[in-house]
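Asker: Here it is: the structure, laid out below.
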Amino acid sequence: MNYLKKLIKKDKKVKIILIVLDGVGDLGVREGRTPLELASTPNLDKIVKFSATGLHIPVDYGITPGSGPGHLGLFGYEPLKLEIGRGILEALGVGLEVKETDVAIRGNFATVTYEAGKPIVVDRRAGRISTEENKRLIRYLSENIKKIDDVEVILCSGKEHRFSLLLRFPYKLSPLAEKINDTDPQATGKEPYLPKGENEEAQKVAEIAQKFIEITGELLKNEPKANYVLLRGFSVKPDIEPFHERFGLSSLALQYTLCIRALQGL
1 MNYLKKLIKK DKKVKIILIV LDGVGDLGVR EGRTPLELAS TPNLDKIVKF
51 SATGLHIPVD YGITPGSGPG HLGLFGYEPL KLEIGRGILE ALGVGLEVKE
101 TDVAIRGNFA TVTYEAGKPI VVDRRAGRIS TEENKRLIRY LSENIKKIDD
151 VEVILCSGKE HRFSLLLRFP YKLSPLAEKI NDTDPQATGK EPYLPKGENE
201 EAQKVAEIAQ KFIEITGELL KNEPKANYVL LRGFSVKPDI EPFHERFGLS
251 SLALQYTLCI RALQGL
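Numbering (the UniProt record's numbering), first residue to last: 1 to 266.
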């Protein structure tokens, strides 16, 4: 990676178009050929004639990365040394500004029933409610939850059952603040986990998160589907060298997924 950094900075006139077919890898089907080999790709065929192509290992041999780490490697960063939480990716992907005082969290609307006063997950995605229904719920929650103690609460809708949550503290947070477990039990018929921090700073964040869960549970109790929230991917803003400083290049990204839009935002 450092060699790549030095190489690019030597030529300020360099222009690069990087085309990424994310997730196109597949197993052979008809005649042992993959879907891409069988597909008609006249435009790609023209491009490769004057392009550099080849096998790229974005993380390391034997590691199948998700889109986040995979693209970090493609963009010249080292995914094994630079960990970016999914909460941050989701928040940046929906257009939220994340500060050094924030903990970003992925949220799911869910359906629960109560047994002996305890919530039991019936549907982890609230029947995949519509995005419009999601927006209605987020407006309602945002109007009723401005702050929890001295922590500002910022909510933003995602697609269907998904949303992003920022807990904005009145002070800068360290990387330790994100060391909190998910509350999603990853199965129906189970009680959601309580958020617990692995250290003192993280525990303070976990306590605010638990209060948020309790408040939203009360506000949503009469909703037919989305009557609870599950929280995942607690993460703080990473300390990452901006792309233009690292490589001396200005950049533009055209993308479809929120994940890649988020990496662009870093």
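Ideal Cβ positions, reconstructed from N, Cα and C, are used throughout, including at glycine. Predicted model only: the values in this text are computed from it and were never measured.
Determine whether the beta carbon atoms of residue 145 and residue 153 lie at a separation below 7 Å.
Answerer: Yes, these two residues count as a Cβ contact at 7 Å.
Asker: For residue 83, name the three-state secondary structure that DSSP assigns.
Answerer: Correct three-state label for residue 83: coil.
Asker: Exposed or buried, what is residue 14 when buried is set at 16 or more other beta-carbons lying within 10 Å of its beta-carbon?
Answerer: Looking at its Cβ environment, which holds fewer than 16 other Cβ atoms inside 10 Å, residue 14 is exposed.
Asker: Can you check the segment 63–116 for any beta strand (DSSP E) of at least 3 residues that lies completely inside it and give the ranges in chain order?
Answerer: For the segment 63–116, whole beta strand (DSSP E) runs of length 3 or above, ordered along the chain, are 102–115.
Asker: Since residue 164 contacts residue 91 with CB under 8 Å, what's their CB separation in whole angstroms?
Answerer: Correct: roughly 4 Å between the Cβ atoms.
Asker: Look at residue 127 and residue 221 and say whether their C-beta atoms are less than 7 Å apart.
Answerer: No, these two residues do not count as a Cβ contact at 7 Å.
Asker: With burial defined as no fewer than 16 other Cβ atoms inside 10 Å of the residue's Cβ, what is the status of residue 237: buried or exposed?
Answerer: Residue 237 should be labelled buried.
Asker: Just checking, does the segment 184–201 make contact with the segment 80–97 on the three C-beta pairs under 8 Å criterion?
Answerer: Output reads no: the segment 80–97 does not touch the segment 184–201.
Asker: For the putative contact between residue 60 and residue 80, defined by C-beta atoms under 8 Å, what is the C-beta separation to the nearest angstrom?
Answerer: The Cβ separation is near 7 Å, so the contact holds.
Asker: Specify the secondary structure class of residue 254 as computed by DSSP and reduced to three states.
Answerer: It is coil, neither helix nor strand.
Asker: Do you know how far the Cα of residue 132 is from the Cα of residue 155?
Answerer: Cα to Cα, the separation comes out at about 15 Å.
Asker: How far does the beta strand (DSSP E) with residue 163 in it extend, from its first residue to its last?
Answerer: 162–168 is the span of the beta strand (DSSP E), which, as asked, contains residue 163.
Asker: Just reading off the alpha helix (DSSP H) that residue 140 is part of, what are its end residues?
Answerer: From DSSP, the alpha helix (DSSP H) with residue 140 extends over 131–144.
Asker: Determine which residues share a DSSP beta bridge with residue 279 and list them.
Answerer: The structure shown does not extend to residue 279, since the chain is modelled only from 1 to 266, so the question has no answer here.
Asker: Pick out whichever of 171, 172 and 184 has its Cα sitting closest to the Cα of residue 162.
Answerer: For residue 162, the nearest C-alpha among the options comes from 184.
Asker: One question on the structure: do residue 66 and residue 235 come within less than 7 Å of each other, judged by their Cβ atoms?
Answerer: Their beta carbons are not under 7 Å apart, which means residue 66 does not touch residue 235 by this criterion.
Asker: For residue 171, count neighbouring Cβ atoms within 10 angstroms of its own Cβ and tell me buried if that reaches 16, exposed if not.
Answerer: By the neighbour-count rule (16 or more Cβ atoms within 10 Å), residue 171 is not buried but exposed.
Asker: DSSP puts residue 189 in a beta bridge; with which residues?
Answerer: Residue 189 is not bridged to any residue.
Asker: Could you pull out every residue in the same chain whose Cβ sits closer than 8 Å to the Cβ of residue 27, ignoring the five residues on either side in sequence?
Answerer: Excluding positions up to five away in sequence, the list reads 34.
Asker: Considering only residues of the same chain and omitting the five flanking positions on each side of residue 57, which have a CB-CB separation below 7 Å?
Answerer: Here the set comprises nothing.
Asker: Taking C-beta to C-beta, are residue 210 and residue 195 nearer than 7 Å?
Answerer: Contact flag set, yes.
Asker: Taking the DSSP output, what are the residues bridged to residue 153?
Answerer: Beta-bridge pairing links residue 153 to 167.
Asker: Per DSSP, residue 148 is paired with what?
Answerer: BP columns for residue 148 point to 151.
Asker: Kindly identify the DSSP beta-bridge partner or partners of residue 121.
Answerer: Its beta-bridge partners are 112.
Asker: To the nearest angstrom, how far is it from the Cα of residue 245 to the Cα of residue 251?
Answerer: Cα to Cα, residue 245 sits roughly 11 Å from residue 251.
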